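Note sheet for the following structure.
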DNA sequence: CGCGACGTTGATTTGCCTCAACGATTGTGG
DNA sequence: CCACAATCGTTGAGGCAAATCAACGTCGCG
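Residue numbers (my numbering), protein chains in the order written: chain V, 8 to 207; chain Z, 8 to 207.
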């Protein structure tokens, strides 16, 4: 293993969850990454722009959200340390983004452009597998979310969120969790106040 | 190109959308497929079973759905000709399925077991790319669905469904579309009756 | 023909939203 | 270091979108 900074170790460990790289492959992979810092409330991506990078979070927290004509925001996803985040639709199709991404805290990222990713696929085909697994996991997550939205009331979706993403729940304000769950901040506040529903 | 039946041509054309195969690779791929027929109302997968195949639809229509303790069904997805369908969570993790899949019509399938798929990955690594693209597209679809569920009222989600999947809308009963949209059949009926909302 | 599945309609209820007001906390400029 | 504004969570009154429940007509099919 090379003597690399902590953030590079983090991304290599993330990759190592699914594929194993030689030293040379790891070195090439790291050479394709760009470091970036984002402050709290700063935008990594504005709706309308093209999103040509996928970002790995080494520190901080971000959120991706859609804003409709009435300024109502819907949170698509959060990303904290060890997560990947992008507007996948814009990134894959090279279209302009429908969503925005902003820092929830000051954050540090390692970014891969879509050109760099294509180069990576051709030089180290193993990465096809890595991103296949990444996409599979993302698909499973979203499908599970759809399923819960269809079948569970807001209170249980909130409980499940707390259980599944405790680290995120600690970092992001409640109103963003509400917009992730598809309810208003006021109603989430109401849910938190009432005694949890017990099954008799 | 080999002299193959129409259903094999169909799956080869589907694969050819994303990768190109030599005759030998195509032949090997086809050799891993199992044919299966499912009648209307027959189950391809029962919740609780393990789902160790992914199925390509060559004819007919199917639906995947979750059924909760109160017998309320939530439709996860439909699949008609030229679509792939499976319980992706069960298929990937080899866990027992939470959802069921049943025929909406008499249907014909070509199936790939997860063992056959692993073999395919090792013999023809190009398929890593193919399934990466398949998973990417599925992820984009589900994320778009989450976004619409969060940001649009039922009436617009129904209109968008009709526009996006006209072929499916023609084949499946309304109550299943309702359960896909997350509303009751009665309310969908109500939405259809009223004049479409015009923007003044 | 008769039965079950499907879509429809209407009355009533409910889960969640809207709007408005109010403390508590955070952050920021003077 | 304080004053003030901005942000956040909370509370409550009233309203709306969608659910529930029940009844009924139609149609395809055994």
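Beta carbons: idealized from backbone N, C-alpha and C, even for Gly.
Predicted model, so just to flag it, every value in this text is computed and none were measured.
Which of helix, strand or coil DSSP assigns to residue i
i, result
"residue 167/Z", "helix"
"residue 190/Z", "coil"
"residue 44/V", "strand"
"residue 56/V", "strand"
"residue 174/V", "helix"
"residue 70/V", "strand"
"residue 104/Z", "coil"
"residue 95/Z", "helix"
"residue 140/V", "helix"
"residue 64/Z", "strand"
"residue 82/V", "strand"
"residue 184/V", "helix"
"residue 206/Z", "Residue confidence is low: residue 206/Z scores 42 on pLDDT, short of 50, so the model does not pin down where it sits. Its coordinate-derived value is still stated next. Note: residue 206/Z maps to coil in three-state DSSP."
"residue 119/Z", "strand"
"residue 20/Z", "helix"
"residue 127/V", "helix"
"residue 196/V", "helix"
"residue 159/Z", "coil"
"residue 27/Z", "coil"
"residue 12/V", "coil"
"residue 49/V", "coil"
"residue 112/V", "coil"
"residue 201/V", "coil"
Contacts of residue i in chain V (Cβ-Cβ under 7 Å)
i, result
"residue 146/Z", "95, 142, 145, 146 and 149"
"residue 135/Z", "135, 136 and 139"
Beta-carbon neighbours of residue i, restricted to chain V and to distances below 8 Å
i, result
"residue 153/Z", "83, 149, 152, 153 and 156"
"residue 189/Z", "156 and 157"
Whether residue i touches residue j by CB criterion (8 Å)
i, j, result
"residue 51/Z", "residue 109/Z", "yes"
"residue 35/Z", "residue 131/Z", "yes"
"residue 56/Z", "residue 104/Z", "yes"
"residue 22/V", "residue 138/V", "no"
"residue 75/Z", "residue 158/V", "yes"
"residue 152/Z", "residue 153/V", "yes"
"residue 147/V", "residue 25/V", "no"
"residue 64/Z", "residue 92/Z", "yes"
"residue 28/Z", "residue 11/Z", "no"
"residue 106/V", "residue 71/V", "yes"
"residue 96/V", "residue 187/V", "no"
"residue 168/Z", "residue 190/Z", "no"
"residue 68/V", "residue 182/V", "no"
"residue 45/V", "residue 119/V", "no"
"residue 117/V", "residue 42/V", "yes"
"residue 162/Z", "residue 198/Z", "yes"
"residue 135/V", "residue 49/Z", "no"
"residue 84/Z", "residue 142/V", "no"
Contact set between residue i and chain Z, taken where Cβ atoms lie within less than 7 Å
i, result
"residue 138/V", "139"
Whole-angstrom C-beta distance between residue j and residue i, which should lie under 8 Å
i, j, result
"residue 121/V", "residue 59/V", "5 Å"
"residue 174/V", "residue 87/V", "6 Å"
"residue 113/Z", "residue 200/Z", "That pair is no contact at about 32 Å."
"residue 127/V", "residue 165/V", "Between residue 165/V and residue 127/V the Cβ distance is about 39 Å, and since that is not below 8 Å, they are no contact."
"residue 156/Z", "residue 156/V", "6 Å"
What residues from the stretch 109-132 of chain V come within 8 Å of chain Z, judged by C-beta to C-beta, listed N to C?
128 and 132
Give, in chain order, every residue of the stretch 46-75 of chain V whose Cβ lies closer than 7 Å to some Cβ of chain Z.
Contact residues of the stretch 46-75 of chain V toward chain Z are 73 and 75 (C-beta to C-beta distance below 7 Å).
Interface positions of the stretch 97-108 of chain Z facing chain V (Cβ-Cβ less than 7 Å), listed along the chain
99
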